[in-house]
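> Residue numbers (this note's numbering): 226 to 543.
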Ligand code: ADE
Ligand code: ZN
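#1: Quick check on the contact list: which residues have their beta carbon closer than 6 Å to a heavy atom of the ligand ADE?
#2: Please confirm if the stretch 391–404 is in contact with the stretch 428–436, defined as three or more CB-CB distances below 8 Å between the two stretches.
#3: Quick one, are the C-beta atoms of residue 434 and residue 457 less than 7 Å apart?
#4: Taking all protein chains shown into account, decide if residue 270 is buried (16 or more other Cβ within 10 angstroms of its Cβ) or exposed.
#5: Which same chain residues end up closer than 6 Å to residue 509 when comparing Cβ atoms and leaving out the 5 residues on each side of it in sequence?
#6: Quick check: the stretch 301–316 against the stretch 348–357, are at least 3 beta-carbon pairs closer than 8 Å?
#7: Report the rounded CA-to-CA distance for residue 375 versus residue 228, giving the unit in angstroms.
#8: Mind checking residue 277: buried by the 16 CB within 10 Å criterion, or exposed?
#9: Taking 7 Å as the threshold (C-beta atoms), are residue 415 and residue 385 in contact?
#10: Taking only the alpha-carbon atoms, compute the straight-line gap between residue 257 and residue 280 and give it to the nearest angstrom.
#11: Sort 324, 502 and 530 by Cα distance to residue 234 and report the nearest one.
#12: Taking the DSSP output, what are the residues bridged to residue 384?
#13: Just verifying my parser: in three-state terms, what is the DSSP assignment at residue 248?
#14: Hey, out of 517, 292 and 499, whose CA is closest to residue 507's CA?
#15: What are the start and end residues of each continuous beta strand (DSSP E) run of 3 or more residues lying completely inside the stretch 294–342, in chain order?
#16: For the beta strand (DSSP E) holding residue 460, just list the boundary residues, first then last.
#17: Using CA coordinates, which residue listed in 287, 242 and 541 is at the minimum distance from residue 268?
#18: For the candidate residues 462, 355, 305 and 304, whose alpha-carbon lies nearest to that of residue 320?
#19: What does the alpha-carbon distance come out to for the pair residue 470 and residue 443?
#20: From residue 453 to residue 441, what does the alpha carbon distance come to, in whole angstroms?
And the structure:
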């Protein structure tokens, strides 16, 4: 089995509907019934509705121990699919919404990473993430906490959310603060924003990777530049199909990025929302893009080389 590594998955978006219900029950919390469809799966209609459903599901992660459970549960699933390393976005803003401190949030995740390493030998690290549509002030607040509270497992800073809101330059103070503290960053760009959104991100923010970046396919010069500058792309084909960006995996431009010489990785983004997993992304990429085992191993190596963890850990993983 090909070993896998994942760089782009939202921890709050990994909790299955069953786990969300279980955590709500154990905390005596009420979940908005509109979170689920009648078959029990998450209910959402388009990308923006997905973001709102994500918030509702995240609101069931109420304690440090819940974060530990969500992390362990996710890493256990990944380990069963031969993943050896997972970098997880986690959002202190979502934790704060339910009254959890920045430190408790991270300590809960770290305990889950430790549990999973002991049980399965899998490694995990955290990318602290701000949310674009929550606005630049909240992003700067997360960045300030990030630099003031170093944590062994926190390896970088990121931003997800609605790309249509605000401009990357509005987030430069947050990203620059993190960069000046010596940490790498990544940003969702070129998902529901076009190539101009990627260009603006590269011009304004000190990013060393791009979340998605897939819309660079619409601008040949930009695609060439991403390949030339070897900017790793956190590609999420299953997510892009589920949210309606492409009609099918066959129509997703993943293979065109490989052909252009871009540094591509495969990722699940929000697995239970998009009916996927890291293993499924590898299997489907092999099927739809005609990838060999050597190609898939190359993708794993791309991910490990582009990971934000220490060089020592990378050497162990490679
Ligand atoms: N947050 C969680 N998943 C996301 C996605 N696919 N795009 C932007 N923000 C997100
Ligand atoms: Zn994402």
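Just so you know, even glycine gets a beta-carbon here, dropped at the ideal spot from N, CA and C. If you're wondering where the values come from, they're calculated on a predicted model, not measured in any experiment.
Let's see:
#1: 235, 238, 279, 385, 386, 413, 416, 464, 494 and 495
#2: yes
#3: yes
#4: Around the CB of residue 270, fewer than 16 other CB atoms lie within 10 Å, so the residue is classed as exposed.
#5: 474
#6: Yes, since at least three Cβ pairs between the stretch 348–357 and the stretch 301–316 fall closer than 8 Å, the two stretches touch.
#7: 30 Å
#8: Counting of Cβ neighbours within 10 angstroms places residue 277 among the exposed residues, the total staying below 16.
#9: no
#10: 11 Å
#11: 502
#12: 355 and 412
#13: Of the three classes helix, strand and coil, the one that applies to residue 248 here is helix, per DSSP.
#14: 517
#15: 308–315
#16: 458–460
#17: 242
#18: 355
#19: 13 Å
#20: Roughly 13 Å separates the two Cα atoms.
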